[in-house]
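Chemist: Each residue of the sequence shown is one higher than the one before, starting from 1 at the first, in full-length UniProt numbering.
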Amino acid sequence: MTVSVLSAALAGIDAALITVETRICPGLGYNIVGLAGEAVRESLYRVESAVSTVDLQMPRQKMLVSLAPAGLRKDGAFFDLPIALGILAASGQLDPERLSGYLFTGELSLNGKLRPVRGALSMAIEAQKMGCKGMIVPGSNAQEAAVVKNLKVYGFDELAGVLAFLNGGTVEPTEVKELISPQPALYAADMADVKGQAEVKRVLEIMAAGGHNGLLSGPPGSGKSMLAARLPGILPPLTLAEALETTQVHSVAGLLDQTGLLLQRPFRAPHHTASDIAMVGGGSVPMPGEISLAHHGVLFLDELPEFKRRVLEVLRQPLEERKILISRANFSASFPANFVLLAAMNPCPCGYFGHPSRKCTCTFAAIHRYRHRISGPLLDRIDLQVNVLPADLSDGQVLESSAVIRARVVAARQRQQQRLSSVACNALLNTAMVKEFCKLDAQSNALLQAAMVQHKLSARSYERILKVARTIADLAGSAAILLPHLAEAIGLRQLAG
1 MTVSVLSAAL AGIDAALITV ETRICPGLGY NIVGLAGEAV RESLYRVESA VSTVDLQMPR
61 QKMLVSLAPA GLRKDGAFFD LPIALGILAA SGQLDPERLS GYLFTGELSL NGKLRPVRGA
121 LSMAIEAQKM GCKGMIVPGS NAQEAAVVKN LKVYGFDELA GVLAFLNGGT VEPTEVKELI
181 SPQPALYAAD MADVKGQAEV KRVLEIMAAG GHNGLLSGPP GSGKSMLAAR LPGILPPLTL
241 AEALETTQVH SVAGLLDQTG LLLQRPFRAP HHTASDIAMV GGGSVPMPGE ISLAHHGVLF
301 LDELPEFKRR VLEVLRQPLE ERKILISRAN FSASFPANFV LLAAMNPCPC GYFGHPSRKC
361 TCTFAAIHRY RHRISGPLLD RIDLQVNVLP ADLSDGQVLE SSAVIRARVV AARQRQQQRL
421 SSVACNALLN TAMVKEFCKL DAQSNALLQA AMVQHKLSAR SYERILKVAR TIADLAGSAA
481 ILLPHLAEAI GLRQLAG
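1) For the alpha helix (DSSP H) that residue 159 lies in, which residues bound it at each end?
2) From which residue to which residue does the beta strand (DSSP E) around residue 31 run?
3) Hey, residue 346 and residue 220 are a contact pair by Cβ (cut 8 Å); roughly how many whole angstroms apart?
4) On the DSSP bridge list, what partners appear for residue 20?
5) Once you ignore the five residues that flank residue 358 on each side, which residues in its own chain have a CB closer than 8 Å to its CB?
6) Mind reading off the beta-carbon distance from residue 96 to residue 3? Whole number of angstroms is fine, and I expect it under 8 Å.
7) Using a threshold of 8 Å, state whether the C-beta atoms of residue 118 and residue 251 are closer than that.
8) Please confirm whether residue 104 and residue 88 have their CB atoms less than 8 Å apart.
9) Compare the Cα-Cα distances from residue 196 to each of 409, 312, 390 and report the closest residue.
10) Do the stretch 300 to 315 and the stretch 30 to 39 touch if we need at least three Cβ pairs shorter than 8 Å?
11) Less than 7 Å between C-beta atoms, sequence neighbours within five positions excluded: which residues of the same chain meet that for residue 208?
12) Report the residue from 271, 129, 253, 474 whose alpha carbon sits nearest the alpha carbon of residue 420.
13) Note the first and the last residue of the continuous beta strand (DSSP E) segment covering residue 210.
14) In this structure, does DSSP put residue 102 in helix, strand or coil?
15) Got a sec? Which residues, its chain only, sit under 6 Å from residue 222 by beta carbon, not counting five neighbours each side?
16) In whole angstroms, what separates the C-alpha of residue 14 from that of residue 123?
17) How many angstroms separate the CA atom of residue 384 from the CA atom of residue 141?
18) How about residue 65 and residue 19: are their beta carbons less than 8 Å apart?
19) Can you tell me whether residue 162 is buried or exposed, with buried defined as 16 or more other CB within 10 angstroms of its CB?
20) Could you check if residue 497 is buried or exposed, using at least 16 other CB atoms within 10 Å of its CB as the buried criterion?
21) For a test of the three-state rule: what should DSSP assign to residue 261, helix, strand or coil?
22) With DSSP as the reference, label residue 241 as helix, strand or coil.
23) What are the boundary residues of the beta strand (DSSP E) that includes residue 346?
24) Closest to residue 335 by CA distance: which of 150, 190, 327 is it?
25) Pick out the complete beta strand (DSSP E) segments inside the stretch 355 to 392, 3 residues or longer, and give them in chain order.
26) Under a Cβ-count criterion, where at least 16 other Cβ atoms within 10 Å of its own Cβ denotes burial, should residue 295 be classed as buried or exposed?
27) Measure how close the beta-carbons of residue 481 and residue 470 come, nearest whole angstrom, since I'm counting them as under 8 Å.
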């Protein structure tokens with residue numbers, strides 16, 4: 001007798017439907033086929049121990065478990081539960097009809113407990129697409145999977161509970177506590193805590209409003225890291241679609257440390273010793289890297305020149321395409337990477353070049369070598385580049401909170417959404433959109449042409465300046481890009497020195 005049980009495997013941040021077929025026939029031995037990884041092949045040992053805890057028995061006959069489609073690689077312990085149920089149904093200890101229409105996933109411990117798995121949200125999305133009537137997951141994954149509409153999700157902490165439910169027990173499906181917060185959750189770091197630095201705060205506001213990349217260059221102690229930590233607090237709230245994607249990435253990476261959706265935009269700050277694989281993702285079983293974990297959030301690279309050149313260069317393509325494709329000999333995986341890049345650096349090795357009161361001890365050759373650790377093509381992809389000087393702590397200016405700045409950012413994003421249909425913010429405009437929505441009058445066009453010649457800017461820089469100018473106009477509530485908007489965008493493009 002052959003029994004089929006539905007499960008799922010991960011492919012990037014998406015899930016693919018897997019049919020676990022179990023057949024018991026004369027002979028001895030356990031076999032799993034279908035391009036199964038080591039963790040999958042070991043599942044029979046966990047299944048045998050778990051089944052013994054519910055007073056049932058593994059059949060002492062030849063068992064063949066096939067994971068279809070056979071050409072898709074399967075890794076991880078997702079299939080412990082469906083394999084156990086398939087064996088019990090094939091051996092006559094469970095009614096096979098009870099398994100119909102459900103998707104099962106879960107890792108079994110030796111004592112029959114169900115352990116959480118990665119990617120439960122992606123599997124739930126796939127189950128809903130395939131028309132499954134329900135999904136059975138470990139209890140720790142229930143809230144995560146239950147955010148998918150029109151899918152009943154049942155969470156259990158042990159195999160015994162699953163069997164009781166399948167044998168006619170009554171269990172209510174998991175209810176989602178909260179889909180998405182109407183207001184962004186409060187961040188601990190607030191802009192009102194930072195005195196001075198009005199120009200840098202303005203740059204961060206433009207970054208948040210248009211989704212642009214930025215670079216802060218300044219001496220130690222000028223507040224670069226402090227300001228960077230406050231950028232997530234002025235970004236607009238996550239939409240439901242963005243929250244789903246962000247949660248998917250973190251779930252696949254096994255980093256989801258809460259139930260339900262992620263409600264805050266991620267802020268990733270890898271150390272400068274990070275490898276290129278840690279940054280973009282990969283491994284024998286492809287996992288998301290830092291750029292994907294920062295999806296719909298901020299990737300902060302402090303001490304930018306200290307990162308290995310190879311690590312920085314792998315950022316160039318994701319910054320353009322907003323995704324990363326990891327290819328291996330037999331398969332490939334695509335991960336999203338739509339993030340805001342914020343980098344910080346010292347102006348020289350000692351850190352005090354251009355400081356108003358401290359003398360720089362570096363030679364010009366040392367400064368040149370230090371700055372050229374960052375390639376021109378990477379700098380060309382950074383829209384806003386500003387010098388940060390030590391703050392004047394006696395400055396009596398009124399300090400705005402993150403909430404006040406965020407309100408202006410949200411208003412600017414709403415203007416962009418009313419104007420655009422296929423992209424979320426100005427930074428994502430393609431060439432055709434730039435021509436349509438970033439038109440200049442004759443005086444502004446002459447200024448931009450002069451800046452292109454004077455600063456020897458590339459065609460990419462030309463478009464990025466226009467995008468930033470469009471964002472500045474949106475913050476000002478202007479339907480057209482005016483000369484002051486363009487002048488500010490040009491002034492924020494080049495580092496001094």
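Using N, Cα and C, we set each Cβ at its ideal position, and we do this for glycine too.
Modeler: Looking at the coordinates:
1) Taking the first residue of the sequence shown as position 1, residue 159 is located at position 159. Start and end: 159 to 166.
2) Against the sequence shown, residue 31 aligns to sequence position 31. Where residue 31 is concerned, the enclosing beta strand (DSSP E) stretches over 30 to 33.
3) Start at 1 with the first residue of the sequence shown, and residue 346 comes out as number 346. Start at 1 with the first residue of the sequence shown, and residue 220 comes out as number 220. That belief holds up - the Cβ atoms of residue 346 and residue 220 are roughly 7 Å apart, short of 8 Å.
4) Reading the sequence shown from its first residue, position 20 is the one you call residue 20. For residue 20, which the question treats as bridged, DSSP gives the partners 5, 67.
5) Sequence index remark: in the sequence shown, residue 358 carries index 358 (1-based). Contacts found: 219, 352.
6) Indexing the sequence shown from 1 puts residue 96 at position 96. Indexing the sequence shown from 1 puts residue 3 at position 3. Indeed, because the Cβ distance is near 5 Å, the residues count as touching under 8 Å.
7) As a working note, residue 118 is residue 118 in the sequence shown. As a working note, residue 251 is residue 251 in the sequence shown. Result yes, Cβ atoms of residue 118 and residue 251 sit closer than 8 Å.
8) Along the sequence shown, read from residue 1 onward, the residue named residue 104 stands at position 104. Along the sequence shown, read from residue 1 onward, the residue named residue 88 stands at position 88. Contact flag unset, no.
9) What you label residue 196 is simply residue 196 of the sequence shown in a count that begins at 1. Comparing Cα positions, the closest option is 390.
10) no
11) For the purposes of this step, residue 208 is taken as residue 208 along the sequence shown, with counting starting at 1. These residues qualify, in order along the chain: 231, 234, 235, 409.
12) Locating residue 420 in the sequence shown gives position 420, counting from the first residue. For residue 420, the nearest C-alpha among the options comes from 474.
13) Position 210 of the sequence shown, counting from 1, holds the residue named residue 210. Here residue 210 belongs to no beta strand (DSSP E); instead the alpha helix (DSSP H) covers 198 to 210.
14) The residue labelled residue 102 in the question sits at position 102 within the sequence shown. Residue state, collapsed to three classes: strand.
15) Position 222 of the sequence shown, counted from the first residue, corresponds to residue 222. Within the same chain, residue 222 has close Cβ partners 388, 390.
16) The sequence position of residue 14 within the sequence shown is 14, counting from 1. The sequence position of residue 123 within the sequence shown is 123, counting from 1. Distance between the alpha carbons of residue 14 and residue 123 is about 7 Å.
17) Residue numbering aside, residue 384 sits at position 384 when the sequence shown is read from its first letter. Residue numbering aside, residue 141 sits at position 141 when the sequence shown is read from its first letter. Roughly 41 Å between the two C-alpha positions.
18) Here residue 65 refers to the residue found at position 65 of the sequence shown. Here residue 19 refers to the residue found at position 19 of the sequence shown. No. Outside cutoff.
19) Here residue 162 corresponds to residue number 162 of the sequence shown, with the count starting at 1. Burial call: buried.
20) Here residue 497 corresponds to residue number 497 of the sequence shown, with the count starting at 1. A caution first: residue 497 carries a pLDDT of 48, below 50, which makes its placement in the model unreliable, though a value can still be read off. So residue 497 ends up on the exposed side.
21) As a first step, residue 261 is located in the sequence shown; it is residue number 261 there, counting from the start. Three-state DSSP puts residue 261 in coil, outside helix and strand.
22) Start at 1 with the first residue of the sequence shown, and residue 241 comes out as number 241. Reduced to three states, the DSSP call for residue 241 is helix.
23) Against the sequence shown, residue 346 aligns to sequence position 346. First-last for residue 346: undefined, no H or E at that position.
24) On the sequence shown, residue 335 is found 335 positions in, with the first residue counted as 1. Nearest of 150, 190, 327 to residue 335, Cα basis: 327.
25) 384 to 387
26) One-based indexing of the sequence shown puts residue 295 at position 295. Label assigned to residue 295: buried.
27) Numbered from 1 along the sequence shown, position 481 holds the residue referred to as residue 481. Numbered from 1 along the sequence shown, position 470 holds the residue referred to as residue 470. Going by Cβ atoms, the distance from residue 481 to residue 470 rounds to 6 Å, so yes, they are a contact pair.
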